[in-house]
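J.: First, the structure itself, so that you have it in front of you.
There are 2 protein chains.
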Amino acid sequence: MNVCPLPSTGDDRVLLGHGAGGRLSADLLTGHVLPALGSAADGPLEDAAPLPGDDTLVMTTDAFVVSPLFFPGGDIGILAVNGTVNDLAMRGARPLALTVALVIEEGLGLAELDAALVSLGKAAGEARVPVVAGDTKVVGRGHADRLFITTTGIGRRLPELSPSATRARPGDAVLLSGPIGAHGTAVLSVREDLGFATDITSDTRPLHRMVQALTPLGSHVHTLRDPTRGGLAAALNEIARDSRVCVRIEEPALPVPRQVAGACDLMGLDPLHVANEGCMVAFIAPDHADEALRLMRALPEGQDATRVGEVTDGPAGRVVLRTLVGAERLVDMPLGEQLPRIC
Amino acid sequence: MNVCPLPSTGDDRVLLGHGAGGRLSADLLTGHVLPALGSAADGPLEDAAPLPGDDTLVMTTDAFVVSPLFFPGGDIGILAVNGTVNDLAMRGARPLALTVALVIEEGLGLAELDAALVSLGKAAGEARVPVVAGDTKVVGRGHADRLFITTTGIGRRLPELSPSATRARPGDAVLLSGPIGAHGTAVLSVREDLGFATDITSDTRPLHRMVQALTPLGSHVHTLRDPTRGGLAAALNEIARDSRVCVRIEEPALPVPRQVAGACDLMGLDPLHVANEGCMVAFIAPDHADEALRLMRALPEGQDATRVGEVTDGPAGRVVLRTLVGAERLVDMPLGEQLPRIC
Numbered sequence: 001m002n003v004c005p006l007p008s009t010g011d012d013r014v015l016l017g018h019g020a021g022g023r024l025s026a027d028l029l030t031g032h033v034l035p036a037l038g039s040a041a042d043g044p045l046e047d048a049a050p051l052p053g054d055d056t057l058v059m060t061t062d063a064f065v066v067s068p069l070f071f072p073g074g075d076i077g078i079l080a081v082n083g084t085v086n087d088l089a090m091r092g093a094r095p096l097a098l099t100v101a102l103v104i105e106e107g108l109g110l111a112e113l114d115a116a117l118v119s120l121g122k123a124a125g126e127a128r129v130p131v132v133a134g135d136t137k138v139v140g141r142g143h144a145d146r147l148f149i150t151t152t153g154i155g156r157r158l159p160e161l162s163p164s165a166t167r168a169r170p171g172d173a174v175l176l177s178g179p180i181g182a183h184g185t186a187v188l189s190v191r192e193d194l195g196f197a198t199d200i201t202s203d204t205r206p207l208h209r210m211v212q213a214l215t216p217l218g219s220h221v222h223t224l225r226d227p228t229r230g231g232l233a234a235a236l237n238e239i240a241r242d243s244r245v246c247v248r249i250e251e252p253a254l255p256v257p258r259q260v261a262g263a264c265d266l267m268g269l270d271p272l273h274v275a276n277e278g279c280m281v282a283f284i285a286p287d288h289a290d291e292a293l294r295l296m297r298a299l300p301e302g303q304d305a306t307r308v309g310e311v312t313d314g315p316a317g318r319v320v321l322r323t324l325v326g327a328e329r330l331v332d333m334p335l336g337e338q339l340p341r342i343c
Numbered sequence: 344m345n346v347c348p349l350p351s352t353g354d355d356r357v358l359l360g361h362g363a364g365g366r367l368s369a370d371l372l373t374g375h376v377l378p379a380l381g382s383a384a385d386g387p388l389e390d391a392a393p394l395p396g397d398d399t400l401v402m403t404t405d406a407f408v409v410s411p412l413f414f415p416g417g418d419i420g421i422l423a424v425n426g427t428v429n430d431l432a433m434r435g436a437r438p439l440a441l442t443v444a445l446v447i448e449e450g451l452g453l454a455e456l457d458a459a460l461v462s463l464g465k466a467a468g469e470a471r472v473p474v475v476a477g478d479t480k481v482v483g484r485g486h487a488d489r490l491f492i493t494t495t496g497i498g499r500r501l502p503e504l505s506p507s508a509t510r511a512r513p514g515d516a517v518l519l520s521g522p523i524g525a526h527g528t529a530v531l532s533v534r535e536d537l538g539f540a541t542d543i544t545s546d547t548r549p550l551h552r553m554v555q556a557l558t559p560l561g562s563h564v565h566t567l568r569d570p571t572r573g574g575l576a577a578a579l580n581e582i583a584r585d586s587r588v589c590v591r592i593e594e595p596a597l598p599v600p601r602q603v604a605g606a607c608d609l610m611g612l613d614p615l616h617v618a619n620e621g622c623m624v625a626f627i628a629p630d631h632a633d634e635a636l637r638l639m640r641a642l643p644e645g646q647d648a649t650r651v652g653e654v655t656d657g658p659a660g661r662v663v664l665r666t667l668v669g670a671e672r673l674v675d676m677p678l679g680e681q682l683p684r685i686c
């Protein structure tokens, strides 16, 4: 009997998809990173972690490797600040301080470095968070791709709020603070190997003021998350898993700008999988959803806030989409290989 | 009249030397990074920065890009923990928590990633500091060199100590906790383009317990610094600059292991410029120097602690070496291009 050999899955090496925020990323995290670090691999993974001994302080870190460095609506510098400020905000914290570590490829133009750093400094100023420490390393040509920035943030939790990926409950309204899909399609639109032109611009912006605006709702704010890598699909799947609930979203309610939808069609992407850098999804106790929408819409960054779904008592860990024609389809965690280096 | 054009200095691009911890690094920092971030470019640059609003907490960040990833006596994982723990310790702080951000080159073997991460986890366990948050990015082949790790640490200052690069005073004894030059020469010894074999091993180790052991000396501990990139020469020059003092070290007292001296001779390096990852220099009020040496020598990591010089009332900002024959020579800040990617 002949036996077909299994094709090599390449699973003894790191693949691009391991970094894209989807199922492969989760595999790398739970199968390799967390066990090696002695961390519990089955606990909820939040956007920021409380400090041991003082859980009013939370910390988060992100490596930014976006390519190209400059794209419509933003650049690596502004992304490095807003991404970190937003991870703190999703735990109900206001940013206290940032650190910035640069890895620079030899030969990068100082003018480009300056432009990225000035943008970073400006974004930090606008978010009113100081950069307190930094590090600069230079590696030889071909050993990095121009510039990587790792930002770490520390924040103090607003005492009124205690959002967590574990606190979504059946009945919760699922709100979205703005349209989805702009960041990922803006970055891809200027990637040289795709090279089509649109006027889609990244939605990168800090979200901590909008979170602060929700403090009157107190503990009725159950869960906050910014749907970055892996898009809204990944964010909702993580929340459904960590809260052990079912999330149903309504396709007609999803705010996908026409141009984003067109670009996604062209590239064969699902807008639900595309990274965002300036919107958040909020799970709010049902009786307080309208108030939450009102508070969010009062700010420029939340003016298009809208309700997109709810938490049901369906199977735990599942995310379903009710389509335009009333059918339901499963929203999977993206596998993850389609959108590398989007942030 | 003919005018010779000036040769291009390449100063519109980032050079390898900009990352080596010497004068070029300082130029990049004060000429580009700090102004862009809106930070004061003339203040003292310490190993870790106090948190705004709570100066009992300090933060530090470091990007580790060492090549190769594994070298005699250590690897990138252990370096990423010890380097950060030590930067906190140099401000008199014990480590509370670490964050870890990985940038992985597509194709890195998972076995190598695991080995580096297990080593990182083990080092964190030994220093009793938890890794509370992390991030993982993957970039395409040729867009990074295998693995970069950025570690950020937060620590709480020991109330007894307030060491600072600005507090060295004339009369202070300059102590060194152990021999110098091992880390840099160990890494270079296995770089493929040098490829000579020695049995020099990196001195990487955490130093926070030794700092804690100095608490009985209280404010008599003026300055602590781990002489990493740029070596002892850079550390002493920074302290002389920030404290506005003159530092004199005695060549016969410098603990340079015979094998390190031989390797440096072979490579044309000055052991004073070579990175260390497991020793510290301490500036101690003169009447308490012997007690400091006794406390340091009581621990394995300080068993070879020794006095190497003193602070004099000579010209501010100057570091001089009294040679074996009694002559004095200036110890310059290394220019910085000779030892890239040593940490």
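One line per chain: the protein sequences are A and B, in this order. 343 is the number that this note's numbering gives the last residue of the first sequence; the numbers go up by one with no jumps. 686 is the number that this note's numbering gives the last residue of the second sequence; the numbers go up by one with no jumps. Even for Gly, the Cβ is constructed at its ideal location relative to N, Cα and C. Everything numeric in this text was worked out from a predicted model, so none of it was measured.
1. Alpha carbon to alpha carbon, what distance is there between R248 of chain A and A577 of chain B?
2. Could you have a look at P257 of chain A and say whether DSSP puts it in helix, strand or coil?
3. Listed in chain order, which residues of the stretch 123-145 of chain A have Cβ atoms closer than 8 angstroms to some Cβ of chain B?
4. Spell out whether any CB of chain B is found under 8 angstroms from the CB atom of D114 of chain A.
5. Along chain A, in chain order, which residues have C-beta atoms closer than 7 angstroms to that of V376 of chain B?
6. Can a CB atom of chain B be found closer than 8 angstroms to the CB of A165 of chain A?
7. Closer than 8 angstroms is the cut-off here; do at least three beta carbon pairs connect the stretch 506-521 of chain B with the stretch 647-659 of chain B?
8. List the residues of chain B whose Cβ lies closer than 7 angstroms to the Cβ of R341 of chain A, in chain order.
9. Any C-beta of chain B sitting closer than 8 angstroms to the C-beta of I104 of chain A?
10. Could you check what DSSP says for I78 of chain A in three-state terms: helix, strand or coil?
11. Can at least three beta-carbon pairs, one atom from the stretch 501-517 of chain B and one from the stretch 551-571 of chain B, be found at a separation below 8 angstroms?
12. Using only CA atoms, which one of B:E389, B:P683, B:M676, B:I685 lies nearest to R366 of chain B?
13. Residues in the stretch 403-428 of chain B with C-beta within 7 angstroms of chain A's C-beta atoms, listed in sequence order?
14. Nearest by alpha-carbon distance to T60 of chain A: which of A:M90, A:L108, A:A36, A:D270 is it?
15. Use the C-beta contact count for A659 of chain B: other C-beta atoms within 10 angstroms, 16 or more gives buried, fewer gives exposed.
16. Looking at chain B, which residues of the stretch 43-57 of chain A have a Cβ within less than 7 angstroms of any of its Cβ atoms?
17. For a cutoff of 8 angstroms on Cβ pairs, would you count V533 of chain B as touching chain A?
18. Going along the chain, which residues of its own chain have a beta-carbon closer than 6 angstroms to the beta-carbon of G657 of chain B, five neighbours each way excluded?
19. Strictly below 7 angstroms CB to CB, what residues from chain B border R13 of chain A?
20. DSSP has C246 of chain A in a bridge; who is on the other side?
21. Using the three-state DSSP reduction, which class does L667 of chain B fall into: helix, strand or coil?
22. Would you tell me roughly how many angstroms separate the C-alpha atoms of H18 of chain A and G669 of chain B, rounded to the nearest one?
23. Would you decide whether D305 of chain B is buried or exposed? Buried here means 16 or more other CB atoms lie within 10 Å of its CB.
24. One question on the structure: do S67 of chain A and D145 of chain A come within less than 8 angstroms of each other, judged by their Cβ atoms?
25. So with CB distances below 8 angstroms, who are the chain B contacts of G278 of chain A?
26. Measure the beta-carbon distance from G687 of chain B to G364 of chain B and round it to whole angstroms, keeping in mind my assumption that it falls under 8 angstroms.
27. If you reduce the DSSP assignment to three classes, tell me which class T30 of chain A lands in.
28. Helix, strand or coil: how does DSSP classify D695 of chain B here?
29. Alpha carbon to alpha carbon, how far is P340 of chain A from M623 of chain B?
30. Against chain B, does L217 of chain A count as a neighbour if the rule is that its beta carbon must be under 8 angstroms from one of theirs?
31. Could you have a look at A641 of chain B and say whether DSSP puts it in helix, strand or coil?
32. How would you label D633 of chain B, buried or exposed, when you count the other beta carbons within 10 angstroms and need 16 or more for buried?
33. Count the C-beta pairs between the stretch 522-535 of chain B and the stretch 461-478 of chain B that are closer than 8 angstroms, then say yes if the count reaches three, no if not.
34. Closest to G381 of chain B by CA distance: which of A:T215, A:D114, A:H208 is it?
35. Can you list, in chain order, the residues of its chain with a C-beta nearer than 7 angstroms to that of A466 of chain B? Leave out the 5 residues immediately preceding and following it.
36. Any idea which residues DSSP pairs D397 of chain B with across the strands?
T.: On the basis of the supplied data:
1. Those two C-alpha atoms are separated by around 59 angstroms.
2. The answer is coil: DSSP assigns P257 of chain A none of H, G, I, E or B.
3. Residues A124, G125, P130, V131, V132, A133, G134, D135, T136, K137, V138, V139, G140, G142, H143, A144, D145.
4. Residue contact with chain B for D114 of chain A: present (Cβ-Cβ distance below 8 angstroms to some residue of chain B).
5. Chain A residues near V376 of chain B: L117, G134, T136.
6. No, no contact with chain B.
7. Verdict: yes, contact present.
8. Residues of chain B with a Cβ closer than 7 angstroms to the Cβ of R341 of chain A are, in chain order, V482.
9. Closer than 8 angstroms: yes.
10. Secondary structure at I78 of chain A: helix, using DSSP grouped into helix, strand and coil.
11. Touching, yes, given that three or more Cβ pairs across the two stretches are closer than 8 angstroms.
12. Comparing Cα positions, the closest option is B:M676.
13. Cβ contacts with chain A: T403, T404, D405, A406, V408.
14. It is A:M90 whose Cα lies nearest to the Cα of T60 of chain A.
15. Per the 10 Å Cβ criterion, exposed.
16. Contact annotation: in the stretch 43-57 of chain A, residues whose CB is within less than 7 angstroms of a CB in chain B are A48, A49, L51, P52, G53.
17. So no, V533 of chain B is outside the interface.
18. These residues qualify, in order along the chain: C589.
19. The CB of R13 of chain A comes closer than 7 angstroms to the CB of G450, L451, G452, L453 in chain B, given here in chain order.
20. Its beta-bridge partners are A:T312.
21. In the three-state reduction of the DSSP assignment, L667 of chain B falls in the coil class, being assigned neither a helical nor a strand state.
22. Taking the straight line from one Cα to the other gives about 60 angstroms.
23. As displayed, chain B neither begins before 344 nor continues past 686, which places residue 305 of chain B out of reach and without an answer.
24. In this structure, D145 of chain A lies closer than 8 angstroms to S67 of chain A by Cβ.
25. The premise fails here: G278 of chain A is roughly 19 angstroms from chain B at the closest Cβ pair, so nothing lies under 8 angstroms.
26. Outside the displayed range of chain B (344 to 686) lies residue 687 of chain B, so it cannot be described from this structure.
27. Judged by DSSP in its simplified three-state form, T30 of chain A adopts helix.
28. A query on residue 695 of chain B cannot be resolved here, the shown segment of chain B reaching from 344 to 686 and no further.
29. Approximately 41 angstroms between the Cα atoms of the pair.
30. It does not; no Cβ of chain B falls within 8 angstroms.
31. In the structure shown, A641 of chain B falls within a coil segment according to DSSP collapsed to helix, strand and coil.
32. So D633 of chain B counts as exposed.
33. Fewer than three pairs of CB atoms, one per stretch, sit closer than 8 angstroms, so the stretch 522-535 of chain B makes no contact with the stretch 461-478 of chain B.
34. Nearest C-alpha to G381 of chain B: A:D114.
35. Once the five neighbours on either side are set aside, the close Cβ partners of A466 of chain B are G420, I421, V424, N425.
36. Note: D397 of chain B sits in a beta bridge opposite B:L394.
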